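2 protein chains.
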Amino acid sequence: MKKFIFILLVVTVFSCSSTKTQQAFPLYIKDLNPKQELSAAMKRSFHNYEAPRFLDNELYSAFKYTKLQGLNYNNGDGTISRRDPSKIIFENGKYYIWYTHRKTSTPPSGFDKSNDTIPSVDWDLCEIWYATSTDGFTWEEQGVAIPRPPKPNPGHRSVATSDILKFKGKYYLYYQAFSAASGNGSDACPVAMSFADSPDGPWTPLNQVVIDYGAENEWDHRVIHDPYPLVHNGKIYIYYKSGFDERDAKNHHWDGWGCAISDNPTGPFVKHPLNPVMNSGHEVSLFPYKEGLAAIVTTDGLEHHTIQYAKDWVNFEIASVTALLPIAAGPYSPDAFTDNKNADGITWGLSHFINAGGDWKNGMYTELVRFDCDLSKKVNDLDMKNSYIFLPYEIYYKQGLNKEQKERIFKENELLLNQKN
Amino acid sequence: MKKFIFILLVVTVFSCSSTKTQQAFPLYIKDLNPKQELSAAMKRSFHNYEAPRFLDNELYSAFKYTKLQGLNYNNGDGTISRRDPSKIIFENGKYYIWYTHRKTSTPPSGFDKSNDTIPSVDWDLCEIWYATSTDGFTWEEQGVAIPRPPKPNPGHRSVATSDILKFKGKYYLYYQAFSAASGNGSDACPVAMSFADSPDGPWTPLNQVVIDYGAENEWDHRVIHDPYPLVHNGKIYIYYKSGFDERDAKNHHWDGWGCAISDNPTGPFVKHPLNPVMNSGHEVSLFPYKEGLAAIVTTDGLEHHTIQYAKDWVNFEIASVTALLPIAAGPYSPDAFTDNKNADGITWGLSHFINAGGDWKNGMYTELVRFDCDLSKKVNDLDMKNSYIFLPYEIYYKQGLNKEQKERIFKENELLLNQKN
Numbered sequence: 003m004k005k006f007i008f009i010l011l012v013v014t015v016f017s018c019s020s021t022k023t024q025q026a027f028p029l030y031i032k033d034l035n036p037k038q039e040l041s042a043a044m045k046r047s048f049h050n051y052e053a054p055r056f057l058d059n060e061l062y063s064a065f066k067y068t069k070l071q072g073l074n075y076n077n078g079d080g081t082i083s084r085r086d087p088s089k090i091i092f093e094n095g096k097y098y099i100w101y102t103h104r105k106t107s108t109p110p111s112g113f114d115k116s117n118d119t120i121p122s123v124d125w126d127l128c129e130i131w132y133a134t135s136t137d138g139f140t141w142e143e144q145g146v147a148i149p150r151p152p153k154p155n156p157g158h159r160s161v162a163t164s165d166i167l168k169f170k171g172k173y174y175l176y177y178q179a180f181s182a183a184s185g186n187g188s189d190a191c192p193v194a195m196s197f198a199d200s201p202d203g204p205w206t207p208l209n210q211v212v213i214d215y216g217a218e219n220e221w222d223h224r225v226i227h228d229p230y231p232l233v234h235n236g237k238i239y240i241y242y243k244s245g246f247d248e249r250d251a252k253n254h255h256w257d258g259w260g261c262a263i264s265d266n267p268t269g270p271f272v273k274h275p276l277n278p279v280m281n282s283g284h285e286v287s288l289f290p291y292k293e294g295l296a297a298i299v300t301t302d303g304l305e306h307h308t309i310q311y312a313k314d315w316v317n318f319e320i321a322s323v324t325a326l327l328p329i330a331a332g333p334y335s336p337d338a339f340t341d342n343k344n345a346d347g348i349t350w351g352l353s354h355f356i357n358a359g360g361d362w363k364n365g366m367y368t369e370l371v372r373f374d375c376d377l378s379k380k381v382n383d384l385d386m387k388n389s390y391i392f393l394p395y396e397i398y399y400k401q402g403l404n405k406e407q408k409e410r411i412f413k414e415n416e417l418l419l420n421q422k423n
Numbered sequence: 003m004k005k006f007i008f009i010l011l012v013v014t015v016f017s018c019s020s021t022k023t024q025q026a027f028p029l030y031i032k033d034l035n036p037k038q039e040l041s042a043a044m045k046r047s048f049h050n051y052e053a054p055r056f057l058d059n060e061l062y063s064a065f066k067y068t069k070l071q072g073l074n075y076n077n078g079d080g081t082i083s084r085r086d087p088s089k090i091i092f093e094n095g096k097y098y099i100w101y102t103h104r105k106t107s108t109p110p111s112g113f114d115k116s117n118d119t120i121p122s123v124d125w126d127l128c129e130i131w132y133a134t135s136t137d138g139f140t141w142e143e144q145g146v147a148i149p150r151p152p153k154p155n156p157g158h159r160s161v162a163t164s165d166i167l168k169f170k171g172k173y174y175l176y177y178q179a180f181s182a183a184s185g186n187g188s189d190a191c192p193v194a195m196s197f198a199d200s201p202d203g204p205w206t207p208l209n210q211v212v213i214d215y216g217a218e219n220e221w222d223h224r225v226i227h228d229p230y231p232l233v234h235n236g237k238i239y240i241y242y243k244s245g246f247d248e249r250d251a252k253n254h255h256w257d258g259w260g261c262a263i264s265d266n267p268t269g270p271f272v273k274h275p276l277n278p279v280m281n282s283g284h285e286v287s288l289f290p291y292k293e294g295l296a297a298i299v300t301t302d303g304l305e306h307h308t309i310q311y312a313k314d315w316v317n318f319e320i321a322s323v324t325a326l327l328p329i330a331a332g333p334y335s336p337d338a339f340t341d342n343k344n345a346d347g348i349t350w351g352l353s354h355f356i357n358a359g360g361d362w363k364n365g366m367y368t369e370l371v372r373f374d375c376d377l378s379k380k381v382n383d384l385d386m387k388n389s390y391i392f393l394p395y396e397i398y399y400k401q402g403l404n405k406e407q408k409e410r411i412f413k414e415n416e417l418l419l420n421q422k423n
């Protein structure tokens with residue numbers, strides 16, 4: 003132990019003296035001396051990220067958005083909604099996508115007004131539909147993939163938030179199966195699954211819970227949302243979201259993501275002991291990159307607005323901070339099921355805009371949208387490595403002070419003025 | 003050494019077995035076992051941030067914006083501009099702020115068209131003006147503080163981007179002193195300083211360079227911008243921005259911040275050996291918080307959109323990731339010069355919106371705006387701890403694909419379609 007302390011002292015003294023005498027950081031990073039002592043921020047630039055500059059960081063992107071063609075929303079009256087797009091797969095010469103589809107006689111009307119035909123929330127009274135496209139911009143809706151099963155099967159109230167797995171030549175859709183209208187404080191629904199020999203179906207329901215809630219005192223006791231299947235090391239990895247701890251100011255739980263692993267699409271799925279593996283993110287969105295897994299963490303939580311990366315598919319680190327990220331992104335991830343140890347990443351997908359037709363409970367519906375990005379090794383698009391995007395300043399002014407805030411500020415000013423007078 | 007390796011092995015084996023047998027993460031974090039093994043992301047939640055939840059993280063905030071009263075911009079014709087607000091100080095029963103003021107016969111017209119009266123860029127042909135307020139919303143412009151000195155003094159072309167220091171009862175304005183129009187590839191200007199006994203002046207120029215450029219091969223050789231003085235441990239700490247390395251896709255250098263320290267406002271200022279101390283951020287904005295220093299890192303660089311914190315005023319760590327941060331923030335930071343080892347932080351300031359009147363070289367001017375936030379221990383405002391802010395989706399659609407991107411996507415689709423047919 004004494005020897006250890008002595009070494010520590012020597013290192014400390016040396017380190018201090020090198021700080022005092024070292025040359026200034028160079029003008030060009032190609033001239034950087036590997037022994038240059040760095041500040042904490044510069045250390046992160048060189049050690050925590052794929053590259054110290056945006057242009058070379060494949061996991062940084064600005065995002066572009068394009069309105070889709072071919073999907074109608076009944077003139078935005080709130081009676082048609084499409085949300086929570088799955089990953090996109092390319093089969094039979096076209097792109098396939100699945101999503102939550104609502105077509106009801108009225109917009110969502112809140113829990114109290116809901117009945118067998120009036121939806122409580124946007125994802126109530128829904129089915130899983132699918133659409134195909136040859137260019138990713140114009141989509142042909144193909145109709146229902148997973149209908150609501152008859153009572154008392156889970157999902158008889160609504161099936162929503164699906165995602166696709168292709169495994170050993172067969173297709174599996176995982177989704178949330180609601181037996182009661184959401185919006186009354188609970189949003190509980192087991193994860194169900196249906197399988198098919200073709201992406202066009204027909205789909206056969208497994209009729210059993212695939213990933214179960216945690217026990218009463220466990221983090222994922224309340225909900226298992228957003229099942230997101232991928233293939234890694236020959237196994238099925240399903241990532242999912244749950245909400246734990248106290249609700250916050252916006253009535254949100256602490257959103258985290260878990261991971262459950264199985265040899266077979268039907269389970270049993272064993273939850274990873276290090277769950278939750280993600281500390282932020284209201285929706286689950288991931289794609290294989292190199293040997294690891296990248297995450298799009300858009301809303302909610304301390305590390306929202308980040309792209310993260312886990313070389314081991316479990317321990318995520320921040321890979322970049324960005325803005326205007328796609329919400330509930332369903333990427334076209336060619337390596338989602340290929341178990342490729344050198345995956346390229348993604349360049350596009352579909353995401354959604356909620357509150358398209360109004361606010362919560364008032365004409366609300368959700369619209370699918372295409373996003374493009376450069377989170378790929380093959381594409382190197384300078385226009386998507388921009389880190390200085392100007393938003394119209396009206397957007398800032400819309401974030402205005404409320405009455406209580408104005409009163410607090412008035413009082414603080416008064417206090418200061420009186421102190422000085 | 004053998005003993006050390008043996009201990010390591012034991013720890014590793016124990017750690018693996020504990021992973022396999024450990025209980026699931028609890029539903030409430032109050033029930034978290036301190037020995038619970040955590041994923042990398044959850045480790046950060048508990049160890050890298052002030053608190054694992056937004057509500058308790060004093061260095062997380064959503065930002066609110068309010069249009070200022072009392073300052074006119076000639077109906078936005080581009081002939082009046084106000085930008086780069088200083089920190090705000092409270093003296094003589096009112097708030098004081100200094101800023102770059104341009105009043106020219108034409109808007110900025112580019113370097114080639116610039117002459118003695120036509121500005122090249124928005125910060126060309128400027129003076130440092132100041133305004134006062136008793137509520138922070140309505141400002142009375144008091145006129146010029148630092149005029150352009152006569153030739154050949156540095157600043158005879160433009161004086162801009164000032165910040166204020168109060169030290170031992172006297173006032174010091176640090177600013178950029180241009181001797182030539184900017185916009186021709188160079189934006190070089192020494193840091194000048196003027197001093198006064200009162201914030202209302204009169205201001206006496208020191209007439210010497212306060213912080214010099216680095217040598218030819220050093221990171222801060224090109225420019226020393228945005229001098230930002232604070233008091234720490236009885237000394238003056240001036241933070242500043244420089245641009246190094248190759249220019250990026252948007253013709254930006256790699257922006258980093260340095261720190262230069264002196265016992266006296268007049269210098270000599272000694273640059274910190276660990277410079278650059280910040281790896282991102284096109285404008286310098288800081289405020290004392292607790293015993294350390296917090297930074298608002300808004301645009302440009304890998305770690306844009308973050309609030310950072312350096313307990314030792316040098317080694318910054320990410321304290322939160324947020325959105326719609328104030329640009330070129332000049333906060334009201336009551337502890338900027340008090341050397342308080344338990345500083346409270348900030349709740350408001352002024353920032354700016356560039357391109358208010360049009361785009362670059364076309365009617366452009368810059369407008370000051372008030373921002374409010376909860377980056378303070380005293381204020382605890384749930385509405386400002388929101389992490390789920392919806393922007394209008396038109397903003398996303400404005401980030402559209404360009405012609406080259408559309409062509410690339412078309413080709414990629416063709417390739418995929420042909421592979422499969």
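Taken in order, these protein sequences are the chains called A and B. Okay, so the first sequence: first residue is 3 according to the numbering used here, each after it adds one. Okay, so the second sequence: first residue is 3 according to the numbering used here, each after it adds one. Where is the CB? At the ideal position from N, CA and C, for every residue including glycine. All figures in this text were calculated on a predicted structure; none of them were measured in a lab.
Worksheet item: Are three or more beta carbon pairs between the stretch 197-210 of chain A and the stretch 286-300 of chain A nearer than 8 Å?
Response: These segments do not touch.
Worksheet item: For MET44(A), which option in ASN59(A), PHE27(A), GLU248(A) has the closest C-alpha, if you only look at C-alpha atoms?
Response: In the first sequence, residue 44(A) corresponds to position 42, counting from 1. From the listed residues ASN59(A), PHE27(A), GLU248(A), the smallest Cα separation to MET44(A) is found for PHE27(A).
Worksheet item: For chain B, is any of its Cβ atoms less than 8 Å away from the one on GLY187(A)?
Response: Walking along the first sequence from the start, residue 187(A) turns up at place 185. Answer no: the Cβ-Cβ gap between GLY187(A) and chain B never drops below 8 Å.
Worksheet item: Can you list, in chain order, the residues of its chain whose CB lies under 7 Å from that of PRO54(A), leaving out five sequence neighbours each side?
Response: Translated into the one-based positions of the first sequence, residue 54(A) becomes position 52. ILE31, SER47, PHE48, listed in sequence order.
Practice prompt. Name, please, each residue of chain B whose Cβ falls closer than 8 Å to the Cβ of CYS69(A).
Written response: Taking the first sequence and counting its residues from 1, one reaches residue 69(A) at position 67. First, the residue type needs correcting, since residue 69(A) is Lys and not Cys in the sequence shown. Near LYS69(A) (Cβ distances below 8 Å), the residues of chain B are TYR399.
Worksheet item: Who are the near neighbours of ILE411(B) in its chain, counting only those whose CB is closer than 8 Å to its CB and skipping five residues on each side?
Response: On the second sequence, position 409 is the one that residue 411(B) refers to. For ILE411(B), where only same-chain residues beyond five positions count, the Cβ hits under 8 Å are LEU403.
Practice prompt. Identify the contact partners of TYR51(A) in chain B, using a Cβ-Cβ distance below 7 Å as the criterion.
Written response: Start at 1 with the first residue of the first sequence, and residue 51(A) comes out as number 49. In chain order, LEU304 make up the part of chain B whose C-beta sits under 7 Å from the C-beta of TYR51(A).
Discussion item. Quick check on ILE32(B): does DSSP put it in helix, strand or coil?
Written reply: As a working mapping, residue 32(B) is identified with position 30 in the second sequence. A small correction: the amino acid at residue 32(B) is Lys; Ile does not occupy that position in the sequence shown. Assigned with DSSP and collapsed to three states, LYS32(B) falls in helix.
Worksheet item: Exposed or buried, ASP58(B), counting other C-beta atoms within 10 Å across all chains shown (16 or more means buried)?
Response: Within the second sequence, numbered from 1, the residue matching residue 58(B) stands at position 56. Under a 10 Å Cβ-count criterion, ASP58(B) is classified as exposed, with fewer than 16 other Cβ atoms of the shown protein chains found around its own Cβ.
Item to complete: Going by CA-CA distance only, name the one from PRO394(A), ASN94(A), TYR242(A) that's closest to LEU326(B).
Response: Stepping through the second sequence from its first residue, residue 326(B) is reached at position 324. For the residues PRO394(A), ASN94(A), TYR242(A), the minimum Cα distance to LEU326(B) belongs to PRO394(A).
Discussion item. For PHE392(A), count the other beta carbons within 10 Å of its own beta carbon; 16 or more makes it buried, fewer makes it exposed. Which is it?
Written reply: As a position in the first sequence, residue 392(A) is number 390, starting the count at 1. It counts as exposed.
Worksheet item: Should ALA330(A) be flagged as near chain B, meaning a C-beta pair shorter than 8 Å?
Response: Here residue 330(A) corresponds to residue number 328 of the first sequence, with the count starting at 1. ALA330(A) does not count as touching chain B.
Worksheet entry | Proximal chain E residues relative to TYR390(A), where beta-carbon distance stays under 9 Å | The chain inventory of the structure shown lacks chain E, comprising the protein chains A and B.
Worksheet entry | Beta-carbon proximity list for ASN186(A), same chain, < 8 Å, skipping 5 on both sides | Taking the first residue of the first sequence as position 1, residue 186(A) is located at position 184. For ASN186(A), same chain residues with a beta-carbon under 8 Å away, outside a window of 5 residues either side, are PHE113, SER122 in chain order.
Worksheet entry | Chain-ordered residues of the stretch 55-83 of chain B with a beta carbon less than 9 Å from chain A | Of all residues in the stretch 55-83 of chain B, ARG55, PHE56, LEU57, ASN59, TYR62, ALA64, PHE65, LYS66, TYR67, THR68, LYS69 have a Cβ within less than 9 Å of some Cβ in chain A.
Worksheet item: If you draw a straight line from the C-alpha of ASN415(B) to the C-alpha of TYR334(A), how long is it?
Response: Counted from its first residue, the second sequence places residue 415(B) at position 413. Counted from its first residue, the first sequence places residue 334(A) at position 332. One C-alpha to the other measures close to 12 Å.
Worksheet entry | 4-residue-minimum alpha helix (DSSP H) runs that sit fully inside the stretch 29-94 of chain A, ordered along the chain | Whole alpha helix (DSSP H) segments, 4+ residues: 42-49.
Worksheet item: Between which two residues does the beta strand (DSSP E) containing LYS400(A) stretch?
Response: The sequence position of residue 400(A) within the first sequence is 398, counting from 1. From DSSP, LYS400(A) is part of no beta strand (DSSP E) but of the alpha helix (DSSP H) over 395-400.
Worksheet item: Which runs of the beta strand (DSSP E), 3 residues or longer, sit entirely within the stretch 99-183 of chain A?
Response: Complete beta strand (DSSP E) runs here, min 3: 129-135, 142-148, 160-169, 172-180.
Practice prompt. State the beta-bridge partners of TYR291(A) as determined by DSSP.
Written response: Taking the first sequence and counting its residues from 1, one reaches residue 291(A) at position 289. Beta-bridge pairing links TYR291(A) to GLY294(A).
Discussion item. Between LEU370(A), THR349(A), LEU276(A), which has its C-alpha nearest ASP376(A)'s C-alpha?
Written reply: Translated into positions along the first sequence, residue 376(A) becomes position 374. The residue with the shortest Cα to Cα distance from ASP376(A) is THR349(A).
Worksheet item: Does any residue of chain B bring its CB to less than 8 Å from the CB of TYR241(A)?
Response: Here residue 241(A) refers to the residue found at position 239 of the first sequence. Not closer than 8 Å to any Cβ of chain B, the Cβ of TYR241(A) fails to qualify, so no.
Worksheet entry | Partners in chain B for ARG249(A), counting only beta-carbon separations shorter than 7 Å | Taking the first sequence and counting its residues from 1, the one referred to as residue 249(A) is at position 247. Near ARG249(A) there are no residues of chain B at all, since even the closest Cβ is about 10 Å away, more than 7 Å.
Worksheet item: Going along chain B, which residues have a C-beta under 7 Å from MET44(A)?
Response: What you label residue 44(A) is simply residue 42 of the first sequence in a count that begins at 1. Within 7 Å of the CB of MET44(A), the CB atoms of chain B belong to PRO278, ASN281, in sequence order along the chain.
Discussion item. What does the Cβ neighbour count give for ALA217(B), buried or exposed, with the cut at 16 atoms within 10 Å?
Written reply: Residue 217(B) sits at position 215 when you count from the first residue of the second sequence. Looking at its Cβ environment, which holds fewer than 16 other Cβ atoms inside 10 Å, ALA217(B) is exposed.
Practice prompt. Would you check if the stretch 148-159 of chain A and the stretch 192-200 of chain A touch, i.e. whether three or more CB-CB distances between them fall below 8 Å?
Written response: Under the 8 Å Cβ criterion, the stretch 192-200 of chain A counts as touching the stretch 148-159 of chain A, having at least three qualifying pairs.
Fill in: Pairwise C-alpha distance: GLN401(A) and GLY95(A)
Residue mapping note: residue 95(A) aligns to position 93 of the first sequence, counting from 1. Residue mapping note: residue 401(A) aligns to position 399 of the first sequence, counting from 1. The straight-line gap from Cα to Cα measures roughly 46 Å.
Worksheet item: Of all the CB atoms in chain B, is at least one closer than 8 Å to the CB of GLU220(A)?
Response: As a first step, residue 220(A) must be located in the first sequence, where it is residue number 218. True, the Cβ-Cβ gap to chain B drops below 8 Å.
Item to complete: Less than 8 Å between the CB atoms is what I'm expecting for VAL371(B) and HIS354(B), so what's the real figure, rounded?
Response: Taking the second sequence and counting its residues from 1, the one referred to as residue 371(B) is at position 369. Taking the second sequence and counting its residues from 1, the one referred to as residue 354(B) is at position 352. Their Cβ separation, rounded to whole angstroms, is 7 Å, which keeps VAL371(B) and HIS354(B) in contact under 8 Å.
Discussion item. Along the stretch 189-223 of chain B, where does the CB come closer than 8 Å to a CB of chain A? Name the residues.
Written reply: Going along the stretch 189-223 of chain B in chain order, one finds GLY216, ALA217, GLU218, ASN219, GLU220, TRP221, ASP222, HIS223 with a Cβ nearer than 8 Å to chain A.
Worksheet item: Nearest to SER63(A) by alpha carbon, out of HIS306(B), PHE318(B), LYS405(B), GLN144(B)?
Response: As a working mapping, residue 63(A) is identified with position 61 in the first sequence. Out of HIS306(B), PHE318(B), LYS405(B), GLN144(B), HIS306(B) has the C-alpha closest to the C-alpha of SER63(A).
Fill in: Alpha-carbon to alpha-carbon, ASP257(B) and PRO87(A)
Counted from its first residue, the first sequence places residue 87(A) at position 85. Counted from its first residue, the second sequence places residue 257(B) at position 255. The alpha-carbon atoms of PRO87(A) and ASP257(B) are separated by roughly 38 Å.
Discussion item. Please list, in chain order, the chain B residues whose beta carbon lies closer than 8 Å to that of THR136(A).
Written reply: On the first sequence, residue 136(A) is found 134 positions in, with the first residue counted as 1. Chain-order list of chain B residues neighbouring THR136(A): ASN415, LEU419, by C-beta distance under 8 Å.
Worksheet item: For ILE226(A) versus ILE263(A), is the C-beta distance shorter than 8 Å?
Response: Reading the first sequence from its first residue, position 224 is the one you call residue 226(A). Reading the first sequence from its first residue, position 261 is the one you call residue 263(A). Taking the C-beta atoms as reference points, ILE263(A) is found no nearer than 8 Å to ILE226(A).
Worksheet item: What did DSSP end up calling LEU276(B) once you bin it into helix, strand or coil?
Response: As a position in the second sequence, residue 276(B) is number 274, starting the count at 1. Of the three classes helix, strand and coil, the one that applies to LEU276(B) here is coil, per DSSP.
Practice prompt. Note down the Cα distance separating GLU248(A) from ILE240(A), rounded to an integer number of angstroms.
Written response: Within the first sequence, the letter at position 246 stands for residue 248(A). Within the first sequence, the letter at position 238 stands for residue 240(A). Computed Cα separation, rounded: 25 Å.
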